Structures are given as structure tokens and as C-alpha cells.
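2 protein chains.
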Amino acid sequence: MPQQKKAPVVVSIQALHRMPYYLHLLKDYQAAGETVISAKAVATELRLNDVQVRKDLAAVSSVKGRPNTGFEIQDLIDNMEDYLGYNNLMDAVLVGTGSLGRALLSYKGFENYGLNIVAAFDNNPDLVGTRISERTVKSTEDLSDFCKRLKIHIGIITVPAPAAQEVCDQLLDGGILAIWNFAPAHLSAPEHVLIQDENMAASLAMLSRKLKEATR
Amino acid sequence: MPQQKKAPVVVSIQALHRMPYYLHLLKDYQAAGETVISAKAVATELRLNDVQVRKDLAAVSSVKGRPNTGFEIQDLIDNMEDYLGYNNLMDAVLVGTGSLGRALLSYKGFENYGLNIVAAFDNNPDLVGTRISERTVKSTEDLSDFCKRLKIHIGIITVPAPAAQEVCDQLLDGGILAIWNFAPAHLSAPEHVLIQDENMAASLAMLSRKLKEATR
DNA sequence: TAGATTGTTAATCGATTAACAATC
DNA sequence: TAGATTGTTAATCGATTAACAATC
């Protein structure tokens, strides 16, 4: 039996995190008129180990590099965008139209990353019905029904921490499979639901801690 | 020679990332009227390994847990806030008053995490002089001078990606030691400067990738 | 050909988890 | 005392880096 399938290369979470940086750099080089790039050049730019770069690229890309030359930039970009899912748009709902929620709604760039925020929700009756960045704010009462009806798989939580779990439960009720959580709170959810925490408090803590160590 | 110094426990970057979650949970328990908590309970709540929790707590806390009882919640909170630097406010400047910059400026919670945004900068002359969340927007021309004069150590970059490196250079010029970078771009800076990337594109990519794998 | 670069296999490094004695 | 929990030492796991043959 011929094994035609691509080997299921496991990409570590750290490697996955590096991917957008590769992509960004590749586009920069392409914009500068380059057509090929070596793993070593990428490594130097991003201050990474060149073997690591080669492994990362090999994991997500079907093209091979040519000794003494490097990789075709266009090929890598295509493969990486494909891998990162930037090519197929996914629908999402956003809950919580405070300042951060508004900022995310007004950000035009998410479509480039494959994310389409189709609706915004808030529990404040004064906000329900108003329009933010061309979307009408809906009541959180309709949240789970909306998700079910439109088969939305991604929920973005931008409510204050104390309300986060409740919103999470509503999203789960609506059949959501992945949550992008901006609330500084730990969410409880079934194993199969993906939770991506965007905890700015955590990031800030890391920054301030490292700064403290550095200036000691 | 007596070694009175606390052992220089190395806290991994992953561990550091868990700290804010511990702190949050501890405060929740305290708010619920608890005074002690076991590492096991923390581990169960946050879906971590209990030995890991004990190691993490031991690394940042001077108090020891009591067998059969656990840890004093208040002690842990004190130690952790201290460790994370939430008790000593650090000054920062923010550059780029687009939607994300505004969202961060309007967020009242940063002071709880030890961050004080003292000024906002933008290169758009129309915005310079306007007020956002009780701060007057200054011109980026004055950025490095301002940082030098007030001895600011932290810079927050919320400008579009193509402008990020230029702003970074200005901040470095102003003697900044740490940068919290929200632009989806890789910044070049000397080794000793801390760069904390808050790359939403990267997070989003991870979410969408994992979702893709899960629904396959 | 010589030099540069690739990709793979093995070694190293670091973090997580398991095992277990110590303690309240 | 027995049971629960702690903290430490050792084993495991996974990611990064080093070494090196293969290739253009």
C-alpha cells in the first residue's frame, strides 16, 4: 500500500508562534525584490538558529530548499499562508463592545489573517442596536442562538473578567469550538474546545518582571 | 561567609506566564472567603500538574506550604504581586493613537498591573494636541527627548507595522529599556533591550491552525 | 572543483511529570 | 495514628542545537 500522505509533521506550539514572523519577513524580502532566501538569512534576521528555521520551514512547506541557493520566497509564502489558514476565511463573533472590543472591530487587518468578525454582542441595552464599524450590536441574549444558526465556530471575548465565564458558557452553548479570550480570567471549558488566551496582564507581568531583573 | 541571599531560582518563561493565572485564582478564592489553598486545588482548577504548581509557587514565594493544609492565600498573593511588580508603578509611553492605542489608553486596569502610561504620541499633526483619556497627544518628534527627560523605561508601540521599526529606533534613542510591541512586525534592537511581542496575528494564526486540525 | 547551503541524525538542554520520604 | 499534602530527587518528555554527509 503506497503511503502517499504527507508525513504528519508535528509542529510545536513554539514553532507555530514563529510562523507569522517568518511570513512577515518573507513578504518584506519579496517587497524588496528578492526571489530566493536562505534559511541562514532568515535565522540571522530573526535571531534564531538556522537549523531551527530549516526545520520549521520543512514542517509547513512542501517545497525543498536548494543547496547553495535557498528557498523560493513565493513558494514559502504560499505554503505558509495556506498552513496558517489565511486563505480560507472563518467567521467569528465578538462579545463585549468596550474599548478593546471596539478596537478589534475597527481593525481591518483580520481578514488578511483569515478572520471575519460577523457580529458584535453586548449585554448593555443602551448599546444594543447601535452600530460599530458597520456592524449592529446585538444582545447577548441572542448569542448562542445566533452562533447555532450561523454555525459560527469562533468566539472572541472582550468583556471584563468577572463576566468572561458566563459569556464563555453562552458561546459553548452555541456550539463554539474555539475561543479567543482577551479577558484576564481563566476559562473553564470542555477539553475539545480551544482556548487561546490573549492575556495582556500576563504579557505585561512578564515584561515588567524581566525589566526588573535586567535593571537590578 | 554566610549565604543569606535567596537562591536565584530560575523561573522559566512558561512558568512566568502562569503566574498571573495563579494570582487571579488566588484572589477569586480569597473573595470567596477562603484563607488557605492546596497546590492540588490550584492545579485542578487550572488544569495543571500539581507538582508544577508547587514548584512555581516555591519559585516566587518565600512562604512554605503546610502539609495537610496548603498555603496561606494572602501570603501567596502578597508574594506574587511583589514578584510580578504590581506594587511598584512603572512609567511608560505609548506611541500610535489608532484604535488599539486608544483602547489601551482608555483601559483603567493597567495601574493594577504596575503600569502607568504617562503620555501618548502620534505622528499625525491633526491628532497632536488632542486629548485621549486625559492625556494630551504629543508629536513623535518629541518622543526621544521626552523619554530621556522623564527617564521613561517602557515604550508601547501601537503603530502600523511599517512604522514600527522607526518608532522603535526613536524609543531606543530615548533610552528605553523595554518595548511592548503590538505591531505585527519583528523589531531589531540591541540585545539588552527587552522586546515583548503582543502579536495578535500570531495568536490568531495559532487559533485558526489548531481549529483546523481539530475539525479535520 | 570549491564553497555555500540544505536536510537529517545524534547530542544537548530544559521543562514537565513521577516517585517518594517528610511533615502536619 | 492515619490521611493528606508538601517539597525534593530522579525519570521522562520534548524542543533546540550541533555535527556532518549530500547537493547544487
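Chains as they are written, first to last, in the numbering used here: chain P, 2 to 217; chain G, 2 to 217.
Just so you know, even glycine gets a beta-carbon here, dropped at the ideal spot from N, CA and C.
Everything numeric in this text was worked out from a predicted model, so none of it was measured.
is_contact[residue i, chain P] using C-beta, thresh 9 Å
| i | result |
| --- | --- |
| residue 200 of chain G | yes |
| residue 123 of chain G | no |
| residue 167 of chain G | no |
| residue 8 of chain G | Because residue 8 of chain G sits at a pLDDT of 44, beneath the cut-off of 50, its placement in the model cannot be relied upon, and the following sentence gives the value as read from the coordinates. No, because no Cβ of chain P sits closer than 9 Å to the Cβ of residue 8 of chain G. |
| residue 30 of chain G | no |
| residue 131 of chain G | no |
| residue 14 of chain G | yes |
| residue 197 of chain G | yes |
| residue 135 of chain G | no |
| residue 128 of chain G | no |
| residue 213 of chain G | yes |
CB contact flag (residue i, residue j, <9 Å)
| i | j | result |
| --- | --- | --- |
| residue 94 of chain G | residue 120 of chain G | yes |
| residue 84 of chain G | residue 47 of chain G | no |
| residue 206 of chain G | residue 20 of chain P | yes |
| residue 71 of chain P | residue 39 of chain P | yes |
| residue 155 of chain G | residue 128 of chain G | no |
| residue 172 of chain P | residue 96 of chain P | yes |
| residue 64 of chain P | residue 51 of chain P | no |
| residue 201 of chain G | residue 82 of chain P | no |
| residue 165 of chain P | residue 18 of chain G | no |
| residue 157 of chain P | residue 102 of chain P | yes |
Chain G contact for residue i (CB, 9 Å cutoff)
| i | result |
| --- | --- |
| residue 141 of chain P | no |
| residue 153 of chain P | no |
| residue 210 of chain P | yes |
| residue 77 of chain P | no |
| residue 46 of chain P | yes |
| residue 33 of chain P | no |
| residue 191 of chain P | no |
| residue 120 of chain P | no |
| residue 71 of chain P | no |
| residue 59 of chain P | no |
| residue 145 of chain P | no |
Reference residue i; option with closest CA among the options
| i | options | result |
| --- | --- | --- |
| residue 112 of chain G | G:177, G:145, G:47 and G:91 | G:91 |
| residue 133 of chain G | G:28, G:107, G:210 and G:173 | G:107 |
| residue 178 of chain P | P:123, P:149, P:163 and P:167 | P:149 |
| residue 195 of chain P | P:188, P:173 and P:180 | P:180 |
| residue 11 of chain P | P:33, P:56, P:52 and P:41 | P:56 |
| residue 42 of chain P | P:200, P:26 and P:34 | P:26 |
| residue 136 of chain P | P:166, P:105 and P:14 | P:105 |
| residue 153 of chain P | G:212, G:69 and G:140 | G:212 |
| residue 15 of chain G | G:31, G:32, G:49 and G:190 | G:49 |
| residue 32 of chain P | G:209, G:163 and G:170 | G:163 |
| residue 60 of chain P | P:37, P:13 and P:67 | P:13 |
Residue i - containing beta strand (DSSP E), residue span
| i | result |
| --- | --- |
| residue 138 of chain P | 136 to 140 |
| residue 102 of chain G | It is not in any beta strand (DSSP E) - residue 102 of chain G instead sits in the alpha helix (DSSP H) that spans 100 to 107. |
| residue 93 of chain G | 91 to 96 |
| residue 182 of chain G | 179 to 182 |
Straight-line gap, residue i to residue j (C-alpha atoms, nearest Å)
| i | j | result |
| --- | --- | --- |
| residue 144 of chain P | residue 125 of chain P | 13 Å |
| residue 183 of chain P | residue 185 of chain G | 17 Å |
| residue 147 of chain G | residue 130 of chain P | 43 Å |
| residue 58 of chain P | residue 28 of chain P | 15 Å |
| residue 193 of chain P | residue 175 of chain P | 15 Å |
| residue 197 of chain P | residue 215 of chain G | 14 Å |
| residue 110 of chain G | residue 118 of chain G | 11 Å |
| residue 89 of chain P | residue 123 of chain G | 34 Å |
| residue 69 of chain G | residue 35 of chain G | 16 Å |
| residue 73 of chain G | residue 80 of chain G | 11 Å |
| residue 139 of chain P | residue 209 of chain P | 38 Å |
| residue 78 of chain P | residue 30 of chain G | 48 Å |
| residue 221 of chain P | residue 190 of chain P | Any property of residue 221 of chain P remains undetermined from this structure, which presents chain P solely from 2 to 217. |
| residue 2 of chain P | residue 44 of chain P | Bear in mind that the predicted position of residue 2 of chain P carries a pLDDT of just 36, short of 50, making it too unreliable to give a figure here. |
| residue 254 of chain G | residue 66 of chain G | Outside the displayed range of chain G (2 to 217) lies residue 254 of chain G, so it cannot be described from this structure. |
| residue 167 of chain G | residue 114 of chain P | 24 Å |
| residue 151 of chain G | residue 170 of chain G | 18 Å |
Run of the alpha helix (DSSP H) containing residue i, from where it starts to where it stops
| i | result |
| --- | --- |
| residue 200 of chain G | Premise fails: residue 200 of chain G is in no alpha helix (DSSP H) and is neither H nor E. |
| residue 121 of chain P | That residue, residue 121 of chain P, is in no alpha helix (DSSP H); its beta strand (DSSP E) goes 116 to 123. |
| residue 173 of chain P | 162 to 174 |
| residue 14 of chain G | 14 to 32 |
| residue 78 of chain G | 74 to 85 |
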